[in-house]
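**Q** Before we start, here is the structure in question, set down as structure tokens.
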Amino acid sequence: MFQSQPQEDQSYIDIAVDVLQVQSQAKLNILKNFLLSLPSPTDIERVLAKAVDHLAQTDPRTYHWILQHPDYLMPELDLKMLAPQLAFSKLKNSQLILEQDFQLTSQDQLRLSPAAKTLLLAESSVEEYLLFKEILKTDFSQESE
């Protein structure tokens, strides 16, 4: 079976970055059709995830646009599923108590105590913070809850 090479992967990622920077749903759909040439849906997801991560680090305006329109990346990259899983993973490896300080509901929503919000804020990069704030709709202010 065809396996993409790292240099080839980078070419796909670079193309994805360029298209995402246009901030157009129509162009993004064309990109997703183009990425169907990759060997598997997992490869498509990986390319999109790396492109989004690159933009999170280099282009805050485009990253913010992506976070405001996560459905545009569906079903290839599900930020609405990724965000709670990432937060849950960070929290479950902490000293906080599952079901008391935080829980992942059956609808993949994350419920957070003030202690969990504080820890998540302290343990997250700026990019992760923005992801949690936009996708999880989490208010990290100390007055909440």
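With the working numbering as the guide, the letters of the sequence shown map in order to residues -16 to 128. Ideal placement from N, C-alpha and C gives every residue a C-beta, glycine not left out. None of these values were measured; they are calculated from a predicted model.
1) Bridge partners of PHE85, per DSSP?
2) Pairs of beta-carbons, one from the stretch 7 to 15 and one from the stretch 38 to 45, closer than 8 Å: are there three or more?
3) How many Å lie between LEU18 and LEU81 at the Cα?
4) State buried or exposed for SER15, treating a residue as buried only when at least 16 other CB atoms are found within 10 Å of its CB.
5) Beta carbon of ALA34, beta carbon of ALA(-1): below 8 Å?
6) Assess contact between the stretch 21 to 33 and the stretch 94 to 111, defined as three or more Cβ pairs (one per stretch) separated by less than 8 Å. Is contact present?
7) Do GLU106 and GLN51 have their C-beta atoms closer together than 8 Å?
8) Where GLU110 and THR121 are concerned, what is the direct C-alpha to C-alpha distance, given to the nearest angstrom?
9) For ASP130 and LEU103, I'd like the C-alpha separation in whole angstroms.
**A** Let me spell this out:
1) Here residue 85 is taken as the residue at index 102 of the sequence shown, counted from 1. Beta-bridge pairing links PHE85 to LEU81 and LEU95.
2) Contact fails: fewer than three Cβ-Cβ distances are below 8 Å.
3) Within the sequence shown, numbered from 1, the residue matching residue 18 stands at position 35. Within the sequence shown, numbered from 1, the residue matching residue 81 stands at position 98. Straight-line spacing of the CA atoms in LEU18 and LEU81 works out to 39 Å.
4) Position 32 of the sequence shown, counting from 1, holds the residue named residue 15. Looking at the sequence shown, residue 15 is not Ser but Lys. So LYS15 ends up on the buried side.
5) Counted from its first residue, the sequence shown places residue 34 at position 51. Counted from its first residue, the sequence shown places residue -1 at position 16. Yes. Within cutoff.
6) Remark: fewer than three beta-carbon pairs, one from each stretch, lie closer than 8 Å, so the stretch 21 to 33 and the stretch 94 to 111 are not flagged as touching.
7) Stepping through the sequence shown from its first residue, residue 106 is reached at position 123. Stepping through the sequence shown from its first residue, residue 51 is reached at position 68. Cβ atoms of GLU106 and GLN51: not closer than 8 Å.
8) Taking the first residue of the sequence shown as position 1, residue 110 is located at position 127. Taking the first residue of the sequence shown as position 1, residue 121 is located at position 138. Each residue's Cα considered, the two are about 14 Å apart.
9) With the chain running from -16 to 128 in the structure shown, residue 130 is simply not present.
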